[in-house]
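Report on one structure; see the data block that follows.
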């Protein structure tokens, strides 16, 4: 069985500041890890995906995440926050032969002036 | 290429009724998964269909069911609606049968309100 823990249900940063959203996973087999973003009244949009090719994964909109097996972590970062980054972010893990994702509880990112 | 489409976008039903939601995957995608999103429980996996067969099922009661057609379009049905079924229902499609490694592309969701 797999699980995902996102630390911090709400994160607030100033525009231009570093964004760090935390995700820890638990999986009995090598995981495939995803970060999705959800804007109000919309579905989920993929930011980036880890599938064991490279530990540092670059995604869209300047986001990146680093897979650290020893820490079972896959934290999402962005060097400089923009107002348009305000949204809810979900970390998810996928394993096995079925397209089934297990999601974390989400982190709502607020960006202030 | 068009994205995942879901119809209707908004739905209001009363307790005891049943509802059918529809999902059209991205062209060429053969796997369709359904998720329920609520403020209390977050995002939870309902079931996945691949080549018209249910490949995996989440921990939901039998009132929740689904099917997939030969063109990969999928429907989910909820019978005997309860207030707790109010949620955003998200459909996601993925291109190949690789399962967990595939990227899932999500639709905009159907917002179901049960009164």
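Protein chains in written order, with the numbering used here: chain A, 1 to 113; chain B, 1001 to 1115.
For glycine and all other residues, C-beta sits at the position ideal for the given N, C-alpha and C.
Contact with chain A by residue i, beta-carbon distance below 8 Å
{"i": "residue 1106 of chain B", "result": "yes"}
{"i": "residue 1110 of chain B", "result": "no"}
{"i": "residue 1048 of chain B", "result": "yes"}
{"i": "residue 1060 of chain B", "result": "no"}
{"i": "residue 1071 of chain B", "result": "no"}
{"i": "residue 1090 of chain B", "result": "yes"}
{"i": "residue 1056 of chain B", "result": "yes"}
{"i": "residue 1064 of chain B", "result": "no"}
{"i": "residue 1043 of chain B", "result": "yes"}
{"i": "residue 1085 of chain B", "result": "no"}
{"i": "residue 1080 of chain B", "result": "no"}
Below-8 Å beta-carbon distance, residue i vs any chain B residue
{"i": "residue 100 of chain A", "result": "yes"}
{"i": "residue 49 of chain A", "result": "yes"}
{"i": "residue 44 of chain A", "result": "yes"}
{"i": "residue 90 of chain A", "result": "yes"}
{"i": "residue 106 of chain A", "result": "yes"}
{"i": "residue 103 of chain A", "result": "yes"}
Inter-residue spacing [alpha-carbon to alpha-carbon] between residue i and residue j
{"i": "residue 40 of chain A", "j": "residue 1111 of chain B", "result": "12 Å"}
{"i": "residue 28 of chain A", "j": "residue 1 of chain A", "result": "7 Å"}
{"i": "residue 53 of chain A", "j": "residue 1092 of chain B", "result": "24 Å"}
{"i": "residue 14 of chain A", "j": "residue 1016 of chain B", "result": "47 Å"}
{"i": "residue 20 of chain A", "j": "residue 1067 of chain B", "result": "40 Å"}
{"i": "residue 30 of chain A", "j": "residue 72 of chain A", "result": "11 Å"}
{"i": "residue 1076 of chain B", "j": "residue 1065 of chain B", "result": "6 Å"}
{"i": "residue 1105 of chain B", "j": "residue 9 of chain A", "result": "24 Å"}
{"i": "residue 59 of chain A", "j": "residue 78 of chain A", "result": "10 Å"}
{"i": "residue 1054 of chain B", "j": "residue 1062 of chain B", "result": "14 Å"}
Continuous beta strand (DSSP E) stretch holding residue i: start and end
{"i": "residue 102 of chain A", "result": "101 to 103"}
{"i": "residue 1029 of chain B", "result": "Here residue 1029 of chain B belongs to no beta strand (DSSP E), and DSSP marks it neither H nor E."}
{"i": "residue 1046 of chain B", "result": "1042 to 1050"}
{"i": "residue 1010 of chain B", "result": "1010 to 1013"}
{"i": "residue 1056 of chain B", "result": "1053 to 1057"}
{"i": "residue 1091 of chain B", "result": "1087 to 1094"}
{"i": "residue 91 of chain A", "result": "87 to 94"}
{"i": "residue 4 of chain A", "result": "3 to 5"}
{"i": "residue 66 of chain A", "result": "64 to 68"}
{"i": "residue 1114 of chain B", "result": "1110 to 1114"}
Any non-hydrogen atom of the ligand HEM closer than 7 Å to residue i Cβ
{"i": "residue 23 of chain A", "result": "Among the components of this structure there are no ligands whatsoever, and the ligand HEM is therefore not found."}
The region 1064 to 1073 of chain B / the region 1021 to 1037 of chain B touching (three or more Cβ pairs under 8 Å) | Contact annotation: the region 1064 to 1073 of chain B touches the region 1021 to 1037 of chain B, with at least three C-beta pairs closer than 8 Å.
Determine contact between the region 86 to 93 of chain A and the region 29 to 44 of chain A, defined as no fewer than three beta-carbon pairs at a distance below 8 Å.
-> Taking 8 Å as the limit for Cβ pairs, the verdict is that the region 29 to 44 of chain A does touch the region 86 to 93 of chain A.
Three or more C-beta pairs below 8 Å linking the region 59 to 69 of chain A and the region 1015 to 1025 of chain B | Taking 8 Å as the limit for Cβ pairs, the verdict is that the region 1015 to 1025 of chain B does not touch the region 59 to 69 of chain A.
Cβ pair count under 8 Å reaching 3, the region 1039 to 1046 of chain B against the region 1055 to 1069 of chain B | Enough Cβ pairs lie closer than 8 Å, so yes.
Residues in the region 1002 to 1013 of chain B with C-beta within 7 Å of chain A's C-beta atoms, listed in sequence order?
-> Listed by position, the residues of the region 1002 to 1013 of chain B near chain A (Cβ gap below 7 Å) amount to none.
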